[in-house]
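Engineer: Below you'll find the structure I mean.
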């Protein structure tokens, strides 16, 4: 629960808006990529989790601060830090930092739940996953 | 096969990029909204088509010209004109026109296919749909 | 400060993901459309605000709950309720509700700031805008 | 003009739709990332080109075939092959191939133009860029 995971993201035209900066919803995509790669690094692929375990992770709440504007061509590092995992849900702390000057562009507290992909009801996280997350 | 369908779209920040104009892939989203509303106007909802007929439409090819840049707040009219429908596929002509000055921003020839949502194999278009399209 | 603004949004393929539901970041796009139309209804177009007043609104923080999944073809109503406006910033309450069953899919407390589009420094909201917002 | 450039892309939830596959407009984003990285590999950053040379590249036409559906977690390789560069425009051949089975998911002939970012008028490609492209 103490290891922070990092994932690199580059800002392309698709991520920006006519204000000249990264469109605010784009940071949610970046943070989701980092969570996906964090799970993959722990050995859990989203498609396998769906196929073998019949479960998916969904975001249930986010408390986000957009602190500084990101720009085209910026190289960003997105962090994932597991703060709590209990039952069907977990809380993660995430940050998006610009590599060139270490400016924090965006930070968020993300609550995610493990659900059945059919009815979206909460499903207790498999022990194998929890123990990998806590390792 | 001769009636042209029209659908209004507004350009928001989400549709633009830091070049100050509509991001090129955004026009594909606008054209897909118009096709969906054209089908809905003919009486075919995409979710019902999936549920009752077990079929979905997918785009198989597009020949697109991006002729002029669209901008934030522009009101656009997206047209759909069925050119041909045969077997499992159809060809549509679509244009994206800015209302204020009737400038054509984007035009495309779109080939779509009717497929089984499970295996993506071609499925002959139901006669009810073809006859509505040709009415 | 008491009038709630509403804006209709339709869910298209572009808004969904392979979980079969609306992609979570999509709700931020829907909420931004509603804020833009709320400003437009008050008489303030984002492109004019930029051109004449040299100011843009940016989102600085969001506290969001994703409560129920939205689906393809859903008709949604997005609300905007101004809670507070002071200096260069304002706080809005927003909800995304499915029309068919009045289910709340998403709700958020959104903090936005008025900034100079050049350097992104806070700019006091023009009195004309504040008085329209409070009318 | 003979060297093919390759760029790796991963499919995330953001790229898919409720049909269970990559949303068709998503391939345009993937192809634009590869073109940006191709230019970067040649020594031309889009933000520098805008700042120093006062020019941007825009896509003016695409002829695309969506041949097979991509899926969540797929690893893709996007290619860029310059076919022609003349005056203010260039023609590129691009493919999106799934790494696991070498299936071509999407292929396109892309016409791009070099324009002034202010008025979007064509600007002859700087010789330094053309010679790097042809090297």
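Residue numbers (my numbering), protein chains in the order written: chain G, 64 to 198; chain C, 64 to 198; chain L, 64 to 198; chain S, 64 to 198.
Where a beta carbon is used, it is the ideal one built from N, C-alpha and C, also for glycine.
1. Could you list which residues in chain G have their beta carbon closer than 8 Å to that of residue 109 (chain S), in chain order?
2. Would you check if there are 3 or more beta carbon pairs closer than 8 Å linking the region 92-111 of chain C to the region 135-154 of chain C?
3. Suppose the cutoff is 6 Å on Cβ atoms and the five residues either side in sequence are ignored; what does the same chain contact list for residue 131 (chain S) look like?
4. So which residues on chain C does residue 79 (chain G) lean against when the C-beta distance must stay under 7 Å?
5. Which two residues bound the contiguous alpha helix (DSSP H) that contains residue 191 (chain L)?
6. Just to confirm, are residue 189 (chain G) and residue 176 (chain G) a CB contact at a threshold of 7 Å?
7. With DSSP run on the structure shown, which of helix, strand or coil describes residue 158 (chain G)?
8. When you compare the region 118-134 of chain L with the region 104-116 of chain G, are there three or more beta-carbon pairs, one atom per stretch, that lie closer than 8 Å?
9. Could you check if residue 150 (chain C) is buried or exposed, using at least 16 other CB atoms within 10 Å of its CB as the buried criterion?
10. Could one say the Cβ of residue 99 (chain C) lies closer than 7 Å to chain L's Cβ atoms, at least one of them?
11. Which same chain residues, not among the five before or five after residue 171 (chain G), have their C-beta less than 7 Å away from its C-beta?
12. When DSSP labels each residue in this structure, what does residue 78 (chain G) get in the three-state scheme?
13. Is there a Cβ from chain C that is less than 7 Å from the Cβ of residue 54 (chain S)?
14. Alpha carbon to alpha carbon, what distance is there between residue 74 (chain C) and residue 87 (chain L)?
15. For residue 151 (chain G), does the three-state DSSP call read helix, strand or coil?
16. I'd like the span of the beta strand (DSSP E) that includes residue 123 (chain L), first residue to last.
17. Among the candidates C:198, C:183, C:83, whose CA atom is the shortest distance from the CA of residue 134 (chain S)?
18. Rounding to the nearest angstrom, what Cα-Cα distance links residue 64 (chain S) and residue 159 (chain S) in this structure?
19. 7 Å is my cut-off, CB to CB: does residue 116 (chain G) come that close to chain L?
20. Check residue 99 (chain G) in the structure and name its three-state DSSP category.
21. Would you identify the three-state DSSP class for residue 69 (chain C), choosing helix, strand or coil?
22. Among the residues of its own chain, which have a CB less than 8 Å from the CB of residue 195 (chain C), if the five just before and after it don't count?
23. So which residues of chain C does residue 86 (chain G) contact, with C-beta pairs closer than 9 Å?
24. Measuring CB to CB, does residue 178 (chain S) end up less than 7 Å from residue 148 (chain S)?
25. Quick one: what's got a C-beta closer than 8 Å to residue 180 (chain G)'s C-beta in the same chain, skipping five residues either side?
26. What did DSSP end up calling residue 144 (chain L) once you bin it into helix, strand or coil?
27. From residue 79 (chain C) to residue 72 (chain L), what does the alpha carbon distance come to, in whole angstroms?
28. Could you check whether the Cβ of residue 68 (chain L) sits closer than 7 Å to any Cβ belonging to chain G?
29. Could you give the C-beta distance for residue 76 (chain L) and residue 82 (chain S), rounded to a whole number, given that I count them as a contact under 8 Å?
30. By DSSP, does residue 91 (chain L) sit in helix, in strand, or in coil?
Structural biologist: With the structure as the only source:
1. The residue given as residue 109 (chain S) occupies position 46 in the fourth chain. In chain order: 76, 135, 136.
2. yes
3. Position 68 of the fourth chain holds residue 131 (chain S). Counting only Cβ-Cβ distances below 6 Å, and skipping sequence neighbours, we find 166, 168.
4. For the purposes of this step, residue 79 (chain G) is identified with residue 16 of the first chain, where counting begins at 1. Near residue 79 (chain G) (Cβ distances below 7 Å), the residues of chain C are 80, 81.
5. To locate residue 191 (chain L), count along the third chain from 1; it is residue 128. 190-197 is the extent of the alpha helix (DSSP H) around residue 191 (chain L).
6. By 1-based counting over the first chain, the position of residue 189 (chain G) is 126. By 1-based counting over the first chain, the position of residue 176 (chain G) is 113. Not closer than 7 Å, so no.
7. For the purposes of this step, residue 158 (chain G) is taken as the residue at position 95 of the first chain. Residue 158 (chain G) falls in the strand class under three-state DSSP.
8. no
9. Taking the second chain and counting its residues from 1, the one referred to as residue 150 (chain C) is at position 87. Residue 150 (chain C) should be labelled exposed.
10. Numbered from 1 along the second chain, position 36 holds the residue referred to as residue 99 (chain C). For residue 99 (chain C), the answer is yes, since a Cβ of chain L falls inside 7 Å of its Cβ.
11. By 1-based counting over the first chain, the position of residue 171 (chain G) is 108. Contacts found: 94, 125, 126, 127, 157.
12. Translated into the one-based positions of the first chain, residue 78 (chain G) becomes position 15. In the structure shown, residue 78 (chain G) sits in a helix (DSSP, three-state: H, G or I).
13. In the structure as shown, chain S begins at 64 and stops at 198. Residue 54 (chain S) is therefore absent and cannot be evaluated.
14. For this step, residue 87 (chain L) is matched to residue 24 along the third chain. For this step, residue 74 (chain C) is matched to residue 11 along the second chain. Looking at the two C-alpha atoms, the distance is approximately 21 Å.
15. In the first chain, counting from the first residue as 1, residue 151 (chain G) sits at position 88. In the structure shown, residue 151 (chain G) sits in coil (DSSP, three-state: anything other than H, G, I, E or B).
16. Position 60 of the third chain, counted from the first residue, corresponds to residue 123 (chain L). Looking at the DSSP string, the run of the beta strand (DSSP E) that includes residue 123 (chain L) is 119-129.
17. Walking along the fourth chain from the start, residue 134 (chain S) turns up at place 71. Selected option, being the one with the closest Cα: C:183.
18. The residue you call residue 64 (chain S) lines up with position 1 of the fourth chain. The residue you call residue 159 (chain S) lines up with position 96 of the fourth chain. Low confidence applies here, because residue 64 (chain S) scores a pLDDT of 47, under 50, leaving its location unreliable; read the following figure in that light. Going from the Cα of residue 64 (chain S) to the Cα of residue 159 (chain S) covers about 19 Å.
19. Counted from its first residue, the first chain places residue 116 (chain G) at position 53. Answer no: the Cβ-Cβ gap between residue 116 (chain G) and chain L never drops below 7 Å.
20. Locating residue 99 (chain G) in the first chain gives position 36, counting from the first residue. Residue 99 (chain G) falls in the helix class under three-state DSSP.
21. Residue 69 (chain C) sits at position 6 when you count from the first residue of the second chain. Of the three classes helix, strand and coil, the one that applies to residue 69 (chain C) here is strand, per DSSP.
22. Translated into the one-based positions of the second chain, residue 195 (chain C) becomes position 132. The answer, listed in chain order, is 105, 106, 107.
23. Numbered from 1 along the first chain, position 23 holds the residue referred to as residue 86 (chain G). 76, 77, 79, 80, listed in chain order.
24. The residue given as residue 178 (chain S) occupies position 115 in the fourth chain. The residue given as residue 148 (chain S) occupies position 85 in the fourth chain. Cβ distance not < 7 Å, so residue 178 (chain S) and residue 148 (chain S) don't count as in contact.
25. Taking the first residue of the first chain as 1, we reach residue 180 (chain G) at position 117. Only 113, 117, 118, 119 meet the Cβ criterion.
26. Taking the third chain and counting its residues from 1, one reaches residue 144 (chain L) at position 81. Of the three classes helix, strand and coil, the one that applies to residue 144 (chain L) here is strand, per DSSP.
27. On the second chain, position 16 is the one that residue 79 (chain C) refers to. On the third chain, position 9 is the one that residue 72 (chain L) refers to. Residue 79 (chain C) and residue 72 (chain L): Cα-Cα distance of roughly 19 Å.
28. The residue given as residue 68 (chain L) occupies position 5 in the third chain. False, the Cβ-Cβ gap to chain G never drops below 7 Å.
29. Position 13 of the third chain holds residue 76 (chain L). Position 19 of the fourth chain holds residue 82 (chain S). Correct: roughly 7 Å between the Cβ atoms.
30. The residue given as residue 91 (chain L) occupies position 28 in the third chain. Residue state, collapsed to three classes: helix.
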